[in-house]
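Be aware that the sequence shown starts at 765, since it is given in our numbering, and climbs by one per residue.
Since the structure comes first, as structure tokens, the remarks are kept for the end.
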Amino acid sequence: MLLALTDHLRCTESHAETWLVARADRAAHGWMIEGVLGCPVCHTERMVRGGVVFWADGGVRANPAAGPDPETSIRLAALLGVTDARAPFVLCGAHGVHSAAIGGMADLTLVLLDPPDDTGAGLATVIRGAPRVPLGERSVQGIALDASHAAADRIDAAVAVLVHGGRMIADAGVPVPTGIKELARDAAQWVGERVATSVPVPLMRAARDTRAT
Ligand SMILES: [Zn+2]
């Protein structure tokens with residue numbers, strides 16, 4: 765887990781949005797290998813083992829739909845608008861197989877939610893078992909959703925974490941959510957960008973947290 769990502773992580777329990785406190789028992793070159801992420805509000809602890817964040821016990825694994833063929837990796841990066849960026853990009857589920865290819869295209873921070881395996885840990889931050897994207901509002905540059913992460917109870921939270929203009933990619937059968945303007949689609953996927961919306965989002969912002977913009 766990239767230690768610098770700690771500022772972006774948020775507890776997913778039902779209380780006001782709060783950042784987490786990291787305790788690294790073993791770290792190297794800015795990455796936490798063993799340690800704990802604690803919530804100062806509800807005191808839930810998430811373990812980091814072997815560089816992987818276990819949000820829930822056991823975590824889950826996506827089935828790899830296909831290997832990381834270069835053409836698909838480049839297409840995914842283009843749709844996400846991958847460029848050097850301070851805000852992270854999030855690849856959900858099977859999209860995680862493209863982490864090595866996309867991570868090599870630019871100086872960027874990658875987060876993998878429930879990827880097929882943990883080989884991306886150390887290049888990307890692997891998080892398993894989170895009930896929704898566990899990052900702060902308006903803190904993510906782009907997100908590629910797979911079917912499970914685009915479920916109705918998750919997609920609004922995925923919209924909320926995007927910066928204005930941030931890209932979202934989902935399967936063609938997923939309804940484009942409020943707050944996303946569709947830019948293009950084909951038979952398999954659509955891509956959209958975050959636009960201003962006054963519709964309430966399910967994340968609550970802590971009054972003192974003014975860092976997320
Ligand atoms: Zn909490």
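The beta carbon of each residue, even a glycine, is placed where N, CA and C say it ideally should be.
State yes or no: is the C-beta of V800 nearer than 8 Å to some heavy atom of ligand 1?
Position 36 of the sequence shown, counting from 1, holds the residue named residue 800. Not so, every heavy atom of ligand 1 lies at least 8 Å from the Cβ.
Tell me the DSSP secondary structure of H772 in three-state form.
Taking the first residue of the sequence shown as position 1, residue 772 is located at position 8. When secondary structure is reduced to three states using DSSP, H772 falls in the helix class.
Closer than 6 Å between the C-beta and any heavy atom of ligand 1: which residues qualify, listed along the chain?
Going by the Cβ distance cut-off, the answer is C775, E777, H779, C803, V805, C806 and T808.
Spatial neighbours of A849 within its chain, please: C-beta separation below 6 Å, excluding the five flanking residues on both sides.
Taking the first residue of the sequence shown as position 1, residue 849 is located at position 85. Apart from sequence neighbours up to five positions away, the residues of its chain that approach A849 with a beta-carbon distance below 6 Å are L872 and Q905, ordered along the chain.
Can you tell me where the beta strand (DSSP E) with V854 in it begins and where it stops?
Taking the sequence shown and counting its residues from 1, one reaches residue 854 at position 90. Its beta strand (DSSP E) spans residues F853 to C856.
Reducing DSSP to helix, strand and coil, say where R896 ends up.
Sequence index remark: in the sequence shown, residue 896 carries index 132 (1-based). Three-state result, R896: coil.
Inspect the beta-carbon positions of A915 and T776 and report whether they are closer than 9 Å.
Counting from 1 along the sequence shown, the entry for residue 915 is found at position 151. Counting from 1 along the sequence shown, the entry for residue 776 is found at position 12. No.
Quick check: the stretch 924-935 against the stretch 897-912, are there 3 or more CB pairs under 8 Å?
Taking a cut-off of 8 Å for Cβ pairs, the stretch 924-935 and the stretch 897-912 touch, as three or more such pairs fall below it.
Would DSSP call L767 helix, strand or coil?
Here residue 767 refers to the residue found at position 3 when the sequence shown is read from its first residue. Correct three-state label for L767: helix.
Let me know the alpha helix (DSSP H) ranges lying completely inside the stretch 777-801, each 4 residues or longer, listed in chain order.
Within the stretch 777-801, no complete alpha helix (DSSP H) segment of 4 residues or longer occurs.
Can you round the beta-carbon distance between V785 and V890 to whole angstroms, since I take them to be within the 8 Å contact cut?
Counted from its first residue, the sequence shown places residue 785 at position 21. Counted from its first residue, the sequence shown places residue 890 at position 126. Their Cβ separation, rounded to whole angstroms, is 20 Å, which puts V785 and V890 out of contact at 8 Å.
Chain D beta carbons: is any one of them nearer than 9 Å to that of V812?
The chain inventory of the structure shown lacks chain D, comprising one protein chain alone.
Under the three-state reduction of DSSP, which class applies to L844: helix, strand or coil?
What you label residue 844 is simply residue 80 of the sequence shown in a count that begins at 1. DSSP places L844 in helix when its eight states are reduced to three.
Buried or exposed for S778, please, with buried defined as at least 16 other CB atoms from any protein chain shown within 10 angstroms of its CB.
Along the sequence shown, one-based indexing puts residue 778 at 14. By the 10 Å Cβ count, S778 comes out exposed.
According to DSSP, W954 sits in a beta bridge with which residue or residues?
As a first step, residue 954 must be located in the sequence shown, where it is residue number 190. Secondary-structure assignment with DSSP links W954 through a beta bridge to A934 and R949.
Is it the case that the Cβ atoms of D950 and A960 are separated by a distance below 9 Å?
The residue you call residue 950 lines up with position 186 of the sequence shown. The residue you call residue 960 lines up with position 196 of the sequence shown. Not closer than 9 Å, so no.
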